[in-house]
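I have placed the structure first, in the form of structure tokens, so that the comments after it can refer back to it.
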Amino acid sequence: MLSLAWSYSRSADTGEALEETFHLHIRAATAAAAIVRSVVGGMMPLFALKIYYSLWLAWTNTLLACLIFLLAPISILLVRFSDDLMRRFPVDNS
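Numbering of the sequence shown is given in numbering that gives the first Met the number 0, commencing with residue 0 and proceeding in unit increments.
Here's what the structure looks like:
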């Protein structure tokens with residue numbers, strides 16, 4: 000559920016960032032992003048049950064919520080400073 004919500008909310012920004020960065024190889028970059036998203040989404044059920052059984056429902060939900068709150072500023076900062084980062088670290092697409 001966490002990976003599904005994350006991928007849904009970030010898919011538009013991710014697609015735009017991939018297109019701006021790898022415009023010559025956009026198909027390969029999009030495929031790689033889809034594979035990573037699918038692997039993370041597929042691995043979530045494997046460890047989610049162990050976490051829920053060991054920490055119970057309330058503590059597991061609290062742990063996942065704290066994880067989201069810790070990781071959210073990273074994506075916000077990347078969106079905010081993406082132009083500066085692309086200018087500072089250019090990618091040669093030849």
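Even for Gly, the Cβ is constructed at its ideal location relative to N, Cα and C.
**Report entry** Entirely enclosed alpha helix (DSSP H) segments - the stretch 21-80, minimum 4 residues
**Finding:** 25-79
Requested in this report: Express the C-alpha separation of MET43 and LYS49 in angstroms, rounding to a whole number.
Outcome: 10 Å
**Report entry** Reduced DSSP category for ASP82 - H, G, I as helix; E, B as strand; rest coil
**Finding:** When secondary structure is reduced to three states using DSSP, ASP82 falls in the helix class.
Query raised in the report: If you draw a straight line from the C-alpha of ARG87 to the C-alpha of LEU77, how long is it?
Result: It is roughly 13 Å from the alpha-carbon of ARG87 to the alpha-carbon of LEU77.
Query raised in the report: Can you check whether the CB of LEU62 is closer than 8 Å to the CB of LEU54?
Result: yes
**Report entry** Residues near ASN13 by beta carbon distance below 7 Å, same chain, minus five either side
**Finding:** Checking the sequence, you will find Thr at residue 13 rather than Asn. ALA32.
Query raised in the report: So, ALA28 versus PHE21, is the Cβ gap smaller than 8 Å?
Result: A Cβ-Cβ contact shorter than 8 Å links ALA28 with PHE21.
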